[in-house]
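First the structure, in the form of structure tokens, and then the observations on it.
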Amino acid sequence: METRHLRYFLAIADAGSITRAADRLGIAQPALSQALVRMEKELGVKLFERSRRGAVLTPAAVAIIDDIRLSIANIESATQRAQAIGAKRAGRLIIGFVSAALFDTLPRALNQMQAAYPGIELVLREMSNAEQSLALQKGEIDLGLLHTPVSIQGNMHEKLISQEPLIAVLPSSYEVGEDGMVSLEDLAATGLVWFPEEQLPLIRSAILSTFRREGHPIDIIQEANRTLTVIACVAAGRGVSLLPCSVKSLQFAGMRYSEIRNGAALPHFELSAIWPAHSRSTMADRFAELLPPCRG
6 METRHLRYFL AIADAGSITR AADRLGIAQP ALSQALVRME KELGVKLFER SRRGAVLTPA
66 AVAIIDDIRL SIANIESATQ RAQAIGAKRA GRLIIGFVSA ALFDTLPRAL NQMQAAYPGI
126 ELVLREMSNA EQSLALQKGE IDLGLLHTPV SIQGNMHEKL ISQEPLIAVL PSSYEVGEDG
186 MVSLEDLAAT GLVWFPEEQL PLIRSAILST FRREGHPIDI IQEANRTLTV IACVAAGRGV
246 SLLPCSVKSL QFAGMRYSEI RNGAALPHFE LSAIWPAHSR STMADRFAEL LPPCRG
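Adding 5 to a residue's 1-based position in the sequence shown gives its number in our numbering.
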């Protein structure tokens, strides 16, 4: 099956109409219709239900569309790499990362990568966990630095980089104990600013479960999808938060950090590198080798 036919299929699926897809592709509608017929004949299945209202994916098409998107993304990525090598560059590496990777892991690895491969083009994209998971599955990034555990479809390598205890993030006016710490009970009485469930579902569930087991159920009263936004909400008095201890390198007016007196049962925040497994060594493999393994 020709690559252009796969692109035609995706264009029709995204446009919801053969006419609109033809306009976007800049080809004649009859030519696009004929290409679709040839594709359906080659596959032996109908891909769209067509009517005056447009074109709707059949169950068979729904079953294969994600695989086709991934295939096209891989072809485009391979083309870009080949062109980069032809232009005498070392290649191109697209890295997704969560905010926590900025504090130490990412800068050191970037310095080492640039020293080892001075001609490489590094593309950096700050993304949430959920955004990276989808981007890895679609082949839109070569490697992700994200919080685990996380579920990602496909054959992936995973390297645990760090496991950090959680620290309380408090408004600057928040009263702490004489030991300078807060308790789970104190935090539960205020309420939590935290990431949306779809972003870090397992860590979020583990935190809420810990509070319940300790007899101090806590409510999430404000959701925010980036670390800096979480801290800003705390500084504005919207609640308290729990973040990995490396966040202490971020100083923000109107907030303070505190250890948690009885927080030993809280989960640790993991940071891992995840990247697709291929039969041959890739730039993502080489970058991952530069990342320090977790030492417990």
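No residue lacks a Cβ here, since even glycine has one placed at the ideal position from N, Cα and C.
Per DSSP, what kind of secondary structure is Tyr179 in: helix, strand or coil?
coil
Whole angstroms is fine: what's the gap from Ala194's alpha carbon to Leu233's?
23 Å
So what does Gly21 bridge to, in DSSP terms?
Gly21 is not bridged to any residue.
Distance, Cα to Cα, Arg9 vs Pro64?
22 Å
Distance, Cα to Cα, Asn79 vs Ser210?
34 Å
Around the Cβ of Met132, are there at least 16 other Cβ atoms within 10 angstroms (buried) or fewer (exposed)?
Buried, by the Cβ-count rule.
7 Å Cβ shell around Glu145 - same chain, five flanking residues per side excluded:
Ala78
Give me the Cα-Cα distance between Arg261 and Leu192, rounded to the nearest whole angstrom.
Between Arg261 and Leu192, the alpha-carbon positions lie close to 14 Å from each other.
If you draw a straight line from the alpha carbon of Met118 to that of Asn267, how long is it in whole angstroms?
41 Å
Taking only three categories from DSSP, how would you classify Glu294?
helix
Quick one: any contact between the region 272 to 280 and the region 161 to 181, if contact means 3 or more CB pairs under 8 Å?
yes
Just to confirm the assignment, what range does the alpha helix (DSSP H) spanning Leu111 have?
Thr110 to Ala121
Would you grab the beta carbon distance between Arg217 and Gln227 for me? Rounded to a whole angstrom, and I think it's under 8 Å.
Their Cβ separation, rounded to whole angstroms, is 20 Å, which puts Arg217 and Gln227 out of contact at 8 Å.
What does the alpha-carbon distance come out to for the pair Phe102 and Ser284?
24 Å
Between the alpha carbons of Val155 and Ser138, how many angstroms are there, rounded?
8 Å
Nearest-angstrom Cα distance between Ile70 and Ala270?
43 Å
When the Cα atoms are used, what is the spatial distance from Arg25 to Gly31?
Arg25 and Gly31 have their C-alpha atoms some 10 Å from each other.
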